[in-house]
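Chemist: Numbering-wise, the sequence shown is residues 30 to 883 according to our numbering.
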Amino acid sequence: MYDVCPVPADIFVFKDSQGRWIDANLSALRLFGLEDTSWHGKSDEELINLAGFPSAVEVFMRAGRMEEGAGWHGRGVIALQDGRQKKFAISWAPAFRENSLIDGLILFGRDLAGCPEAEKDDYGNELLGRLLVLMFSSDSLKARTTSFLGGIHSLLPAVTKSSVFLNSENEEKTLLLFAYRNLDLPLIKFCQKVPYNWCLCGRAAAGKRIIKEDVDNDHEIRFDSMASHGHVVLPIKYNDIVLGVLSLHLKPGSLFSAGELGLVDSAANIIGAAIRYDSRYKKSERLGMDKALYLPHAAALEEWLDLLAVAFEDTEDALTVTDPMGKILMINPAVTRITGYLPEEIIGQNPRVLKSDRHGSEFYKEMWEAIKKVGRWQGEIWNRRKSGEVYLEQLTINAIKDRTGNIINYIATFHELSCSLERQAALQGVQDYDPLTTLPNLPLFLDYLKLGIEAAGRKEKLVVALIDLDDFTAINNSFGFVVGDNILKIVAKRLMTAVRLGDTIARHEDAFFLLLRDIKSEDDAMVILNRLMEAVSSPIFLEGREIHLTCSIGVSFYPSDALIPDQLVGTARIALKKAQTHGIGHIEVFTQDLNKRMTSDLILLYGLKKAVSDKEFILYYQPKLDLLTRRIMGCEALIRWIRPDGVFVSPAEFIPIAEKSDLIFAIGEWVIKEAVRQAVEWRDLGHPISVAVNLSPKQFRQKNLVDMVKTIIGAAGLHPSCLEFEITETAILEDEEDAIGILWKLKKLGINISIDDFGTGYSSLFYLKQLPIDALKIDKTFIDGLPDFEDDALITSAIINLAHSLKLMVIAEGVERDAQLEFLNKAGCDGIQGFLCSPPVPAADLLERLKNRA
Numbered sequence: 030m031y032d033v034c035p036v037p038a039d040i041f042v043f044k045d046s047q048g049r050w051i052d053a054n055l056s057a058l059r060l061f062g063l064e065d066t067s068w069h070g071k072s073d074e075e076l077i078n079l080a081g082f083p084s085a086v087e088v089f090m091r092a093g094r095m096e097e098g099a100g101w102h103g104r105g106v107i108a109l110q111d112g113r114q115k116k117f118a119i120s121w122a123p124a125f126r127e128n129s130l131i132d133g134l135i136l137f138g139r140d141l142a143g144c145p146e147a148e149k150d151d152y153g154n155e156l157l158g159r160l161l162v163l164m165f166s167s168d169s170l171k172a173r174t175t176s177f178l179g180g181i182h183s184l185l186p187a188v189t190k191s192s193v194f195l196n197s198e199n200e201e202k203t204l205l206l207f208a209y210r211n212l213d214l215p216l217i218k219f220c221q222k223v224p225y226n227w228c229l230c231g232r233a234a235a236g237k238r239i240i241k242e243d244v245d246n247d248h249e250i251r252f253d254s255m256a257s258h259g260h261v262v263l264p265i266k267y268n269d270i271v272l273g274v275l276s277l278h279l280k281p282g283s284l285f286s287a288g289e290l291g292l293v294d295s296a297a298n299i300i301g302a303a304i305r306y307d308s309r310y311k312k313s314e315r316l317g318m319d320k321a322l323y324l325p326h327a328a329a330l331e332e333w334l335d336l337l338a339v340a341f342e343d344t345e346d347a348l349t350v351t352d353p354m355g356k357i358l359m360i361n362p363a364v365t366r367i368t369g370y371l372p373e374e375i376i377g378q379n380p381r382v383l384k385s386d387r388h389g390s391e392f393y394k395e396m397w398e399a400i401k402k403v404g405r406w407q408g409e410i411w412n413r414r415k416s417g418e419v420y421l422e423q424l425t426i427n428a429i430k431d432r433t434g435n436i437i438n439y440i441a442t443f444h445e446l447s448c449s450l451e452r453q454a455a456l457q458g459v460q461d462y463d464p465l466t467t468l469p470n471l472p473l474f475l476d477y478l479k480l481g482i483e484a485a486g487r488k489e490k491l492v493v494a495l496i497d498l499d500d501f502t503a504i505n506n507s508f509g510f511v512v513g514d515n516i517l518k519i520v521a522k523r524l525m526t527a528v529r530l531g532d533t534i535a536r537h538e539d540a541f542f543l544l545l546r547d548i549k550s551e552d553d554a555m556v557i558l559n560r561l562m563e564a565v566s567s568p569i570f571l572e573g574r575e576i577h578l579t580c581s582i583g584v585s586f587y588p589s590d591a592l593i594p595d596q597l598v599g600t601a602r603i604a605l606k607k608a609q610t611h612g613i614g615h616i617e618v619f620t621q622d623l624n625k626r627m628t629s630d631l632i633l634l635y636g637l638k639k640a641v642s643d644k645e646f647i648l649y650y651q652p653k654l655d656l657l658t659r660r661i662m663g664c665e666a667l668i669r670w671i672r673p674d675g676v677f678v679s680p681a682e683f684i685p686i687a688e689k690s691d692l693i694f695a696i697g698e699w700v701i702k703e704a705v706r707q708a709v710e711w712r713d714l715g716h717p718i719s720v721a722v723n724l725s726p727k728q729f730r731q732k733n734l735v736d737m738v739k740t741i742i743g744a745a746g747l748h749p750s751c752l753e754f755e756i757t758e759t760a761i762l763e764d765e766e767d768a769i770g771i772l773w774k775l776k777k778l779g780i781n782i783s784i785d786d787f788g789t790g791y792s793s794l795f796y797l798k799q800l801p802i803d804a805l806k807i808d809k810t811f812i813d814g815l816p817d818f819e820d821d822a823l824i825t826s827a828i829i830n831l832a833h834s835l836k837l838m839v840i841a842e843g844v845e846r847d848a849q850l851e852f853l854n855k856a857g858c859d860g861i862q863g864f865l866c867s868p869p870v871p872a873a874d875l876l877e878r879l880k881n882r883a
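1. Whole angstroms are fine: how far does the CA of leucine 778 sit from the CA of phenylalanine 694?
2. Sort out for me which residues DSSP pairs histidine 537 with in a bridge.
3. Threonine 203 to proline 264, Cα distance in whole Å?
4. Taking 8 Å as the threshold, find out whether the segment 504 to 519 comes into contact with the segment 548 to 556 through three or more Cβ pairs.
5. Are the C-beta of proline 685 and some C-beta of chain D separated by less than 8 Å?
6. Under a three-way DSSP split, which group does phenylalanine 787 fall into?
7. In angstroms with no decimal places, state the Cα-to-Cα distance between valine 223 and tryptophan 699.
8. In chain order, which continuous runs of the alpha helix (DSSP H) of length 4 or greater are located wholly inside the segment 712 to 771?
9. Arginine 878 by DSSP, collapsed to three states: which one?
10. Taking leucine 762 and isoleucine 784 to be in contact with their CB atoms under 8 Å, please state how far apart those CB atoms are, rounded to whole angstroms.
11. Confirm, please, whether the CB-CB distance from leucine 205 to phenylalanine 194 is below 8 Å.
12. CA-CA distance, glutamate 398 and arginine 574?
13. Go to phenylalanine 41, then tell me how far its alpha helix (DSSP H) extends in each direction, as first and last residue.
14. Please return the same chain residues whose Cβ sits closer than 7 Å to the Cβ of alanine 57, not counting the five positions on each side in sequence.
15. Note down, in chain order, each residue of its chain lying with its Cβ closer than 7 Å to the Cβ of proline 869, except the 5 sequence neighbours on either side.
16. For leucine 605 versus isoleucine 582, is the C-beta distance shorter than 8 Å?
17. Leucine 865: which of Pro588, Leu290 and Leu654 sits nearest, CA to CA?
18. For the segment 367 to 385 and the segment 397 to 415, state whether three or more C-beta atom pairs, one from each stretch, are separated by less than 8 Å.
19. With hydrogens ignored, establish whether the beta-carbon of tryptophan 50 is closer than 7 Å to any heavy atom of the ligand GDP.
20. Just tell me which of Gln221, Thr189, Gly112 and Ala124 has its CA closest to the CA of lysine 774.
21. Taking just the CA atoms, how far does phenylalanine 811 sit from glycine 863?
22. Taking the alpha helix (DSSP H) that arginine 602 belongs to, which residues open and close that run?
23. Under a Cβ-count criterion, where at least 16 other Cβ atoms within 10 Å of its own Cβ denotes burial, should alanine 681 be classed as buried or exposed?
24. Here's a check: name, in chain order, each residue in its chain whose Cβ is nearer than 6 Å to the Cβ of asparagine 246, leaving out the five neighbours to either side.
25. Could you give the DSSP three-state label for alanine 18: helix, strand or coil?
26. Mind listing, in chain order, the continuous alpha helix (DSSP H) runs of no fewer than 4 residues lying wholly within the segment 257 to 292?
27. Can you grab the Cα-Cα spacing for the pair methionine 396 / leucine 424, in whole Å?
28. For tryptophan 670, which beta-bridge partners are listed by DSSP?
29. What residue range does the alpha helix (DSSP H) around alanine 856 cover?
30. Could you give the residue range of the beta strand (DSSP E) that holds aspartate 420?
31. Hey, quick one: how far does the beta strand (DSSP E) through serine 581 stretch, first residue to last?
32. Note the first and the last residue of the continuous alpha helix (DSSP H) segment covering serine 834.
33. Would you check if the distance between the CB atom of valine 722 and the CB atom of isoleucine 701 is smaller than 8 Å?
34. Expressed to the nearest angstrom, what Euclidean distance is found between the alpha-carbon atoms of phenylalanine 683 and lysine 689?
35. Hey, quick one: how far does the alpha helix (DSSP H) through histidine 615 stretch, first residue to last?
36. Hey, would you say alanine 427 sits closer than 8 Å to arginine 405, going by beta carbons?
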C-alpha cells in the first residue's frame, strides 16, 4: 500500500529579500540540474522557469505588508532544464529573524507526479504550506516545533500524541526529546534520552520510517496510557543526513492513507529544513546550547572547521565572521574588548550596529564594489562602541568562497588606531555629542549643569530630570537594535520640541537627561514634565508598526536637593528608581524621606553582605503537629538575622533585599546546609525528624539547585526523606512546565515537597495533578477567618477535600486559637502549624519538645 506513494523528494530553496538563492537542498539542485553550476546569489529567472507562480520579490513585498502568517500556496507545472515538465505544489513562506524582521523567503515544493492522492489533496497541500509559514516564524525553534506539532494534529485527526527528538550534541547515537504534544508526564520523563536502535523512535534514527498498526508489546517502555495504539515514526532529514525523528501516536487500529503518509513525510522534511535554516542563518537556542550555531551535519561542521582555522581565539586583532548576507555568526574576544558588545548582543546582528554615521553612502558603496571586484577591502573607518563613543579603526574585509566560487562568508579583522593630536582635536567635537541622536552626551550635560548652577547662584531654581523609557529592552529584543535606534531618534526629536528654548536635553545609553532653567515652582516644572510624558506616549509609526511607549521620570531640584552636578544627577536617579517601583508612566520628585528610605535599603544591603560573610544568621524551628496523634510530625526552618549589637532584623525586611541583590543564593544555600546539619544532629540523638526549608522563586530557578542539594545531603549522610522543600504557587506559576521538571528532579532524590501558601495564587488544576508533591499548606489568610467567616470556611474545606482526592497531606498555617483547631480537626486536616502549638524556637528548645514528642 505504501509503495504507491514513496518518500517525497521535497525541494527547499532559501532566498534573500531580493529573491536570490542563498541555499538549496540536494533534491532541488538535482531536480533543476544545478549541482555543477554556480547558483549562489542568482535569481529564479537565471536558474529555473517558475512561470505561473508569483515572483520571490512579489511574495516578499506582500509578506512585508502583513504580519507573520503571510505566505503563498498553489500548484502548477515547472519546466525542467531537460525539457520535462513536472507538477508541483508550491509554497512560499517569509523567514523571520528572532526580532520579527523578515530575513528572506523559503520556497517549498512537493513533487505531485509520484503520488496520485497527494495530487488531489488540495486541503492537505495548502495546510502543509501554512505549517511551513509557521515553522519559519520569529519564535524560538522549540516554540515553532511545538506549534507545528499542533498543526499536524489538526491536519490528521487520527494523531493522538506527537513528539520530535533531535540528535544529541554530546552523546553519539542518542536522541533527546525536543518538543511534544499531549505526552503524559511519565512518558515525558522516560523519553528525555533515547539511544539509537532503542524502541521505535531509536530505530527510525537509522533513516527509515517505521509503521506499526497496533503497538502492544513491541516497545521497551510500557505505560498504561500507551496501551494499544498505532505508531508512525519518520526520520527528520536534510540532504540525506538524519537530524532526528518525528513520532506520531495514532488511535488504535488507525492507519494513514498513502496521501496522509506523504503529508507527514513532507512535514518531517519541513522540520529538517527549519533546523538547517536556523543552524546557518539564526542564533540557535536548541536544547539550551551555549554555542551560537547548531551544526546539523558533517558538511557544515567541515565548513566551520575551515573558518576556525583562520579565526583563532587568541589573536590581538578583533575578528568577525558573517554569512553572505552580513549577519554576524561569530566574534573573538577582541571584538568585545574594543566595541563593548558581548557575543550574545552582537551575534545575529549586522555590522551596521557599529556604524558611526561619519561616512556617507558613497564610502560604503566604494568599499563593497572593491570587495565584489577583488574579494578584499582595507582602510581606516570610524565606528562607534556600545557606549556611543566614536573610535577610529584599521579594517580589513575578506570574502570567503567555496569550491564553486560562491561567497559563503566574510571575515573582518580590525584594530583600534591611536589618534594623533590633530585627529583628537577633530574628534573632540564628536565626543561631546551622542552620535545617534546628536544630543549632548552625559559629560557635556554635566558641564552645562555646572554652568547653570554658577549662573543661578542660590536664588534661582534649576530642575534636573532623568527620563527612562519603560521596558525599552523589550523593544530592542522584539524589533532589533536598528528599530530601537530609530525609536530613540524619534523620541529625542519629540523631547526637543516639547521643552522650552534654553532648556537642555541630553542622552546617555537608553535614558535622557533634562535641565530646566528659570523654574519658579514645582508646579511649573510639572507642566513641562507632563508635556514630555505626553510626547513620549504618542504612538510611533515605524516600518508598518504602531509602537506605544511610556516613560518614568525622576526629578531633583537645585538648590534644595543638592548643590553640585553629580549630586543633582544622583538624587534624580534615586527618584527615578522610586518612580519605577510604581510601575510605568510615573513621575517621582526627590525628597529627603525618599533619600532616607533608599539610604536605609543601601545600608541594609551592606549589612546583609557582611552578615553573609560573618555568618550572623541563625535558624529557628517551628514544629508541625499531627492532628491524629497530637505529636510533632516535623518542623519548618525559619531564618533569623541577629546583628552583632544583638538586634533582630525581620526576614520581611532583609529577604526582599536579598532577592534583588542575588544574595538569596548564598543565604539559601547556607539555610539548606544548616537545616540538614541540624536534622542529622537530632537523628544522632535519637530524634529523627523531617525539616522543611522554604525555597524562594529565584532560588527555585537556580541552575545548580538539584546538584547542590544532592551534594549537601550526601556529604551530611542525611536520608533525603528527612528534608522537605516548601515552594510557593508563585514560584511554580512563572513557568509551569519548567517547574514540573525541577520538582521531578528533586523528588527523584527522595525529597518531600509541599506547596506553601496554597490558595493565594492561581494554580492550574491540570498542572497541580502533575506535580510530584506530598502536601499542601493552607495559607494563614484563610485560617484567620475560621470558623466565623463562611467564605474562609468553605475555601479551607475545599482545599482539604481537593488535597485528599489527590492523596496529599494538608497542613494549616498560622493556627492561633482553639476554635480554629476544632474546625480543622472536624474538616479532616492532617496537621497544623502556628503559635497555638509553638512559635519558632531555637534548635535546643525544640529538642526538649522532641524528647517528649509533644
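Backbone N, C-alpha and C fix where the C-beta goes; we use that ideal spot for every residue, glycine too.
Modeler: Per the coordinate set shown:
1. C-alpha separation (whole angstroms): 21 Å.
2. Ala540.
3. 14 Å
4. No, the segment 504 to 519 is not in contact with the segment 548 to 556.
5. The displayed structure is made up of one protein chain only, and chain D is not part of it.
6. Here phenylalanine 787 sits in strand by DSSP.
7. 37 Å
8. 726 to 729, 734 to 745 and 758 to 762
9. helix
10. The Cβ separation is near 11 Å, so there is no contact.
11. yes
12. The alpha-carbon of glutamate 398 is positioned some 34 Å away from that of arginine 574.
13. Taken as a continuous stretch (DSSP letters only), phenylalanine 41 belongs to no alpha helix (DSSP H), being part of the beta strand (DSSP E) at 40 to 44.
14. Counting only residues of its own chain and dropping the five nearest sequence neighbours on each side, alanine 57 has a CB closer than 7 Å to the CB of Ile40, Phe41 and Val42.
15. Closer than 7 Å at Cβ, skipping near neighbours: Tyr649, Tyr650, Gln651 and Leu667.
16. yes
17. Leu654
18. yes
19. Annotation note on the ligand GDP: not contained in the displayed structure, which lists no ligands.
20. Gln221
21. 13 Å
22. 594 to 610
23. exposed
24. Its pLDDT being 49, under 50, asparagine 246 is placed unreliably by the model, and the measurement read from it follows with that caveat. Within the same chain, asparagine 246 has no close Cβ partners at all.
25. Residue 18 is absent from the structure shown; the chain starts at 30 and stops at 883.
26. If only uninterrupted alpha helix (DSSP H) runs of at least 4 residues are considered, none is enclosed by the segment 257 to 292.
27. 11 Å
28. Phe646 and Val678
29. 847 to 856
30. Checking the displayed sequence, the identity of residue 420 turns out to be tyrosine instead of aspartate. Note, tyrosine 420: beta strand (DSSP E), 419 to 430.
31. 580 to 587
32. If you look at serine 834, you'll find it in the alpha helix (DSSP H) that goes 819 to 834.
33. yes
34. 10 Å
35. Run containing histidine 615: none; DSSP gives neither H nor E here.
36. In the sequence on display, residue 427 carries asparagine and not alanine. Taking 8 Å as the Cβ cut-off, asparagine 427 and arginine 405 qualify as a contacting pair.
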